Amino acid sequence: MKHQSKLSQEQQAQLAGTEQQAQSTGAREFASVEEMLRYDAAHTPVPPDIAQRLQKSTGDLPAPKTSWWKRLFG
Amino acid sequence: MSEPAAGCESVEASPAGLASPEFSSLYEENNRAIYYLALRFLGDPQKAEDATHDVFLKAFRKLDQFRGEASMRTWLYRIAINHCQNLRQGWHDRHVFSNADDAVWDNAVARTDSPLRVLETKELGQRIQKALDGLSDEYRLLLLLVADEELSYEQVGTLVEQSPDAVRGKLHRARKAFAVLFEKTA
């Protein structure tokens, strides 16, 4: 039992090391191209400047009218 | 080509100051999708930023014309695709691009059914960009749209003016081409 327990500890240490290495190197596996692109999209920040520029650009324009479709169907 | 700093998802500006609640929520729900499409389609963070601004400004001006025949996301993609393709067309007029044709991908050996493994996600964006840059505009656009889980094949087909079956067929080749090019970026 002791032997088994020791082996288990060694395996656990090895596994922990592998996981740590995977985290430190950022290794990852993607099932498909789409999954990879979704991961990339989720980790690609949108520059905050865009919202600020839009705020300025739309500031002088009249607020958009609600579309006729939305007025009819909510 | 520089990449936008990754891992900064919380830096997005609050759209609270935008002109109307309707437009604010439109921006909030779709800015990531539109920016990512522009970034990876154009391959340039500054051009993508300008394009995203211009797309939402066009949407703001045309919001009352939205007829509800498509989802807001699809409607915005339509504006974004036209805008980005116009920009790309301008570049094509000035530069010669040589995208490999389908025969190259047909003969290429790519493990499209096996997972794509990366050892370092830090440079993933750069590798993806390099691989996408090697694809035709059509394949690049197809992959980017299909990756959006909110879009069905029918909606993607409408956006690229193809039938859903044609989308599925071309998608297979696009995936294969991407896998070949992505492996080369390692």
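These protein sequences, in sequence, are chains A and B. Those letters in the first sequence? Residues 1110 to 1183, by the working numbering. Those letters in the second sequence? Residues 5 to 190, by the working numbering. From the three backbone atoms N, C-alpha and C, an ideal C-beta is built for every residue, glycine too. Keep in mind that this is a model prediction, so the values were computed, not measured.
Less than 9 Å between the beta carbons of residue i and residue j, yes or no?
i	j	result
R120/B	E1138/A	One detail in the question is off: residue 120/B reads as Leu in this sequence, not Arg. In contact: L120/B and E1138/A (Cβ atoms closer than 9 Å).
F186/B	I132/B	yes
K126/B	L146/B	no
I85/B	L155/B	no
D141/B	R172/B	no
S1166/A	H57/B	yes
L123/B	G1135/A	yes
T78/B	Q130/B	no
A1172/A	S24/B	yes
Under a Cβ-count criterion, where at least 16 other Cβ atoms within 10 Å of its own Cβ denotes burial, should residue i be classed as buried or exposed?
i	result
D1158/A	exposed
G161/B	buried
D1169/A	exposed
P49/B	buried
D1149/A	buried
N90/B	exposed
E153/B	exposed
A55/B	buried
A190/B	exposed
E165/B	exposed
Assuming residue i and residue j form a contact by the criterion Cβ under 8 Å, report the distance between their Cβ atoms to the nearest whole angstrom.
i	j	result
L1146/A	A183/B	Actually they do not touch by this definition, with Cβ atoms about 13 Å apart.
A1160/A	L22/B	7 Å
I38/B	L67/B	Their Cβ separation, rounded to whole angstroms, is 15 Å, which puts I38/B and L67/B out of contact at 8 Å.
- Task: Please confirm if the region 36-46 of chain B is in contact with the region 1151-1162 of chain A, defined as three or more CB-CB distances below 8 Å between the two stretches.
- Result: yes
- Counting Cβ pairs closer than 8 Å, one from the region 63-74 of chain B and one from the region 22-37 of chain B, do we hit at least three? yes
- Message: Three Cβ pairs or more, each shorter than 8 Å: is that satisfied between the region 166-178 of chain B and the region 73-90 of chain B?
- Response: no
- Could I get the ranges of all uninterrupted beta strand (DSSP E) runs contained in the region 110-170 of chain B, with 3 residues as the minimum, in chain order? 120-122
- Message: So within the region 1130-1167 of chain A, which uninterrupted beta strand (DSSP E) runs reach at least 3 residues, ignoring any that extend past its ends?
- Response: 1137-1139
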